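*Asks:* Take a look at this one; I'll ask things after.
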Amino acid sequence: MTTDIDENAKTEPLLDRRDERVTHAAGVGDNVRAFFNRVRSGDLGSLPVVVGLAIIWTVFQTLNPVFLSANNLVNLLFDCSIVGVIALGIVCVLMVGEIDLSVGSVSGFASALVGVLWVNQGWPVAPAILAALGFGAVAGLVYALLYNRFGMPSFVSTLAGLLAVLGMQLYILGSTGSINLPYGSALVNFGQMLMMPDWVSYVLAALAGVIVFAAGYRTAIRRKAAGLSSRSIGGLLLQAAIVTVVLEAIVYYLNTDRGVPWMFGLFVGLVVAMNYALKRTRWGRSMSAVGGNREAARRAGINVKLIYASAFVACSTLAAAGGVLGAARLATASQQAGTGDVNLNAIAAAVIGGTSLFGGRGSAYSALLGIIVIQSIASGLTLLDLSSSLRYMITGGVLAIAVIVDSLARRSRVSHGRA
Amino acid sequence: MTDSAHDGAPDRSPVLSLRGVSKNFGAVSALADIDLDVHAGEVVALVGDNGAGKSTLVKILAGVHQPSAGEIAFHGKPVTLANPSAALKLGIATVFQDLALCENLDVVANIFLGREINPFQLDEVSMEIRAWTLLNELSARIPSVREPVASLSGGQRQTVAIARSLLLEPTVILLDEPTAALGVAQTAEVLDLIERVRERGLGVVMISHNMEDVRAVADRVVVLRLGRNNGVFSADASNQELVGAITGASDNSVSRRASRRARREETGIQHP
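Top to bottom, those sequences are chains C and P.
In this text, residue positions in the first sequence follow our numbering: the first is 1, and each later residue adds one.
In this text, residue positions in the second sequence follow our numbering: the first is 1001, and each later residue adds one.
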């Protein structure tokens, strides 16, 4: 028997509650049960990453009590921002079911370009950064052209790009191999020490709760007026209160040390903006549609080629932005920038955070959550003084587990009719 | 031809009318000299064997292919359907055989795909209301519009696809094999749906291989054979007449099978 009958539904069923075959969650208990049913059918959302993070933090904290110290967490946030911005771009290409393997090289070249133009050529810093971002956009356009015009799989075109752009990076850096960025400059300050004043971080954390409540309240009022089911005001208040309290607690803990880096603030700002673009605009809806069923999207009148192009351009541009942040963080533009594990960490972060490799499912927040997991592992292993050989092996293992979870969840979704 | 097809006026001038339409693919003539009329509030079934040109004809009406010769008139005025969006703009909506829904998106997102209200701040509430109104008008049984389409049955997906095509208020709707691959109950649901679409005053063109479905809902049955018109029948035409027109002879494999069976029954031979 279905049990969706509450007081007012007896008289006049709501527009979306007329089908008696569907169970609707009514109270808190029902909502909890609905959540467990969703998880069991493979609609995991960000649950695995939250559980994984709890395990990782517990393990590292018991092995080395410095791990969860405010000082270490502040450094963690600095490091998160760089690869996190790149991972945000990866989310875009994964949404349309493609991949970009050249983000590491593009970020490395962008940092080299800033170094060469700003330090060697004497450009002002702002145009140098814009040139780096512009290069990212052009790289994305090239991939889009190869994909749309010649049907070249993005896996291959970006693999070619990985090598080609790495070559360009080595070329412009020349024989010196690295360029030091001037200490004390605004860019290096931003990358190494610029912190939000305490009151700014508290206000921003409170603002998040206010926005959660205001947006939810507005929707609830409109749905109620239209005769649709709506969330209770009490539930909304509770959710907003939890968000505020959790964020304020984190901010308070970070403020006992140096505080919240502006660079991390920039990263979170980009994540929030990308989340809005993916969830609440026609562009984002088209991205999911193209990733889910390309032919259906084409027949619906969506300009599929333009959507692919926008995904590649967004990815490469964000990769370049990550490269600039990396140069600022290290105060140097070197041949090593963007090489090694940057590429795979960015992709791993997006996938671990819950964006599907198979296209059509994902969220901007997966970049944020995923990169915190990746950087926690990196930071924890560094604190334990483990060599990079072990770090690579462990990170690889975590990525494999994340992809297995994704595949299993996908299979389960198909069998539960939730693909 | 009169030019007085106004909304609601029950005059008998066709909404959509084809005269002498031909389509050649290189040396192959897929359609030759086809005439077809579709009136408001009528279901025209398009039947024919494989390769008879049904899909080609629907693709011409949907603007996917352009005819090599012939005229297409819409509300009495000659029109050219240069591309799918031109056909859509005129008011000819098409539901293709493979349903062209995104399984990862929910019902509302699918119905409004490419036509979202307020592109820079999607108006989910208005879209959900409109989706429910549309589905309720069709008396459709969709459990929830916020579930991904993957969780719906074949008949429900067909319903969503049809509701989606009705969003732009078309005057003619083309259905390519709407009941293929559906079970008995779901087929009945879709046939009901087609009748309700007809009651809304739309002209419906339906391709089908299933004679039972055709006779259940069609007002007229247009038979194509080898790319040519091969007769127009009323819905109460006998199976033999239709099969004869489709296969091109009164002596065909279907009739031979029927007469063998009849002979067996006469001579009293039972199946072992």
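Just so you know, even glycine gets a beta-carbon here, dropped at the ideal spot from N, CA and C.
Fair warning: this is a prediction, and the values are worked out from it, not measured in the lab.
Would you call Ala1069 of chain P buried or exposed, if buried means 16 or more other Cβ atoms sit within 10 Å of its Cβ?
*Replies:* With fewer than 16 Cβ atoms within 10 Å of its Cβ, Ala1069 of chain P is classed as exposed.
*Asks:* For the stretch 1088-1115 of chain P, which residues have a CB atom closer than 9 Å to at least one CB atom of chain C, in sequence order?
*Replies:* For the stretch 1088-1115 of chain P, which is checked against every Cβ of chain C, the residues closer than 9 Å are Leu1088, Thr1094, Phe1096, Asp1098, Leu1099, Ala1100, Leu1101, Cys1102, Glu1103, Asn1104, Leu1105, Ala1109, Asn1110, Phe1112, Leu1113, Gly1114 and Arg1115.
*Asks:* In this structure, does DSSP put Ala1062 of chain P in helix, strand or coil?
*Replies:* Here Ala1062 of chain P sits in coil by DSSP.
*Asks:* With distances taken Cα to Cα, identify the nearest neighbour of Ser407 of chain C among C:Gly227, C:Val116, C:Pro48 and C:Trp123.
*Replies:* The shortest Cα separation from Ser407 of chain C among C:Gly227, C:Val116, C:Pro48 and C:Trp123 belongs to C:Pro48.
*Asks:* Classify Gly1048 of chain P as helix, strand or coil using the three-state DSSP reduction.
*Replies:* Strand, per DSSP.
*Asks:* For a contact defined as C-beta to C-beta under 7 Å, what are the partners of Asn275 of chain C on chain P?
*Replies:* Those do not exist, as Asn275 of chain C stays about 13 Å from chain P at its closest Cβ, beyond 7 Å.
*Asks:* In terms of residues, what are the limits of the beta strand (DSSP E) holding Gly1070 of chain P?
*Replies:* Per DSSP, Gly1070 of chain P belongs to the beta strand (DSSP E) from Ala1069 to Phe1074.
*Asks:* Comparing C-alpha positions only, which one of P:Gln1121, P:Glu1195, P:Ala1045 and P:Gln1066 sits nearest to Asn1210 of chain P?
*Replies:* Selected option, being the one with the closest Cα: P:Ala1045.
*Asks:* Indicate the three-state DSSP secondary structure (helix, strand or coil) for Ile1246 of chain P in the structure shown.
*Replies:* Helix.
*Asks:* Quick check on the DSSP output: the beta strand (DSSP E) that includes Ser1029 of chain P runs from which residue to which?
*Replies:* Run containing Ser1029 of chain P: Val1028 to Val1038, per the beta strand (DSSP E) assignment.
*Asks:* Taking only beta-carbon atoms, is Gln1121 of chain P less than 8 Å away from chain C?
*Replies:* So yes, Gln1121 of chain P belongs to the interface.
*Asks:* If I follow the unbroken beta strand (DSSP E) through Phe1025 of chain P, where does it start and stop?
*Replies:* Per DSSP, Phe1025 of chain P belongs to the beta strand (DSSP E) from Leu1016 to Phe1025.
*Asks:* Closer than 7 Å by beta-carbon distance: list the chain P residues that pair up with Ile233 of chain C, in chain order.
*Replies:* Within 7 Å Cβ-Cβ: nothing; Ile233 of chain C doesn't reach chain P, min ~17 Å.
*Asks:* Taking C-beta pairs closer than 9 Å, name the residues in chain C that Val1145 of chain P reaches, listed in chain order.
*Replies:* Here the neighbours are Asp16.
*Asks:* Please name the residues in the stretch 1159-1180 of chain P whose beta-carbon is closer than 7 Å to at least one beta-carbon of chain C, in chain order.
*Replies:* From the stretch 1159-1180 of chain P, no residue has a Cβ closer than 7 Å to chain C.
*Asks:* Is it right to say Ser232 of chain C is buried, meaning 16 or more other beta carbons lie within 10 angstroms of its own, or is it exposed?
*Replies:* Exposed, since its Cβ has fewer than 16 Cβ neighbours within 10 Å.
*Asks:* Please decide whether Gly370 of chain C counts as near chain P, where near means a Cβ-Cβ distance under 8 Å.
*Replies:* So no, Gly370 of chain C is outside the interface.
*Asks:* Counting only the same chain and skipping the five closest in sequence on each side, list residues whose C-beta sits under 8 Å from that of Val304 of chain C.
*Replies:* Cβ neighbours of Val304 of chain C beyond the five flanking positions: Val290, Arg294, Ala297 and Arg298.
*Asks:* Residues bridged to Thr332 of chain C by DSSP?
*Replies:* Per DSSP, C:Asn180.
*Asks:* With DSSP as the reference, identify every bridge partner of Val1205 of chain P, one or two as the case may be.
*Replies:* In DSSP, Val1205 of chain P forms a bridge with P:Val1044 and P:Leu1174.
*Asks:* For the candidate residues C:Ala328, C:Gly397 and C:Gly216, whose alpha-carbon lies nearest to that of Leu238 of chain C?
*Replies:* Considering only alpha carbons, the answer is C:Gly216.
*Asks:* Using a cut-off of 8 Å between C-beta atoms, extract the partners of Ser81 of chain C located in chain P.
*Replies:* Going along chain P, no residue has its Cβ under 8 Å from Ser81 of chain C, so there is no contact; the nearest lies around 27 Å.
*Asks:* Buried or exposed: which applies to Gln1066 of chain P, given that a residue is buried once 16 or more other Cβ atoms fall within 10 Å of its Cβ?
*Replies:* The residue is exposed, with fewer than 16 neighbouring Cβ atoms inside 10 Å.
*Asks:* Residues of chain C with CB closer than 9 Å to the CB of Val1190 of chain P, please, in chain order.
*Replies:* Here the premise fails: no neighbours, minimum Cβ distance about 18 Å.
*Asks:* List in chain order: all unbroken alpha helix (DSSP H) runs of 4+ residues lying wholly within the stretch 1142-1173 of chain P.
*Replies:* Here the runs fully enclosed are 1154-1166.
*Asks:* Measure the CB-CB distance between Ile1193 of chain P and Thr1159 of chain P and report whether it falls below 8 Å.
*Replies:* Rather than Ile, the amino acid found at residue 1193 of chain P in this sequence is Leu. Yes, they are a contact pair.
*Asks:* Answer yes or no: does any C-beta atom of chain D fall closer than 8 Å to that of Ile377 of chain C?
*Replies:* The displayed structure is made up of protein chains C and P, and chain D is not among them.
*Asks:* Within the 8 Å Cβ cut-off, does Thr355 of chain C reach chain P?
*Replies:* No, its Cβ sits nowhere closer than 8 Å to a Cβ of chain P.
*Asks:* The ligand HEM heavy atoms versus the CB of Ser102 of chain C: any closer than 7 Å?
*Replies:* Among the components modelled here there is no ligand, and therefore nothing to report on the ligand HEM.
*Asks:* Alpha carbon to alpha carbon, how far is Val271 of chain C from Ser230 of chain C? Give it in angstroms, no decimals.
*Replies:* Cα-Cα distance, rounded: 27 Å.
*Asks:* Between the stretch 289-317 of chain C and chain P, which residues of the former have CB atoms less than 8 Å from a CB of the latter, in chain order?
*Replies:* Result list: Ala289, Gly291, Gly292, Asn293, Glu295, Ala296, Ala297, Arg299, Ala300, Gly301 and Ile302.
*Asks:* Helix, strand or coil for Phe421 of chain C per DSSP?
*Replies:* In this structure chain C extends from 1 to 419, so residue 421 of chain C is not present and cannot be described.
*Asks:* Hey, would you say Val251 of chain C sits closer than 8 Å to Val260 of chain C, going by beta carbons?
*Replies:* The answer is yes: Cβ separation under 8 Å.
*Asks:* If contact is defined by three or more beta carbon pairs under 8 Å, each pair taking one atom from either stretch, is the stretch 1079-1086 of chain P in contact with the stretch 1051-1065 of chain P?
*Replies:* Yes, the stretch 1051-1065 of chain P is in contact with the stretch 1079-1086 of chain P.
*Asks:* Please list the residues of the stretch 205-235 of chain C that have a C-beta atom closer than 7 Å to any C-beta atom in chain P, keeping them in chain order.
*Replies:* Correct list: Thr219, Arg222, Arg223, Ala226 and Leu228.
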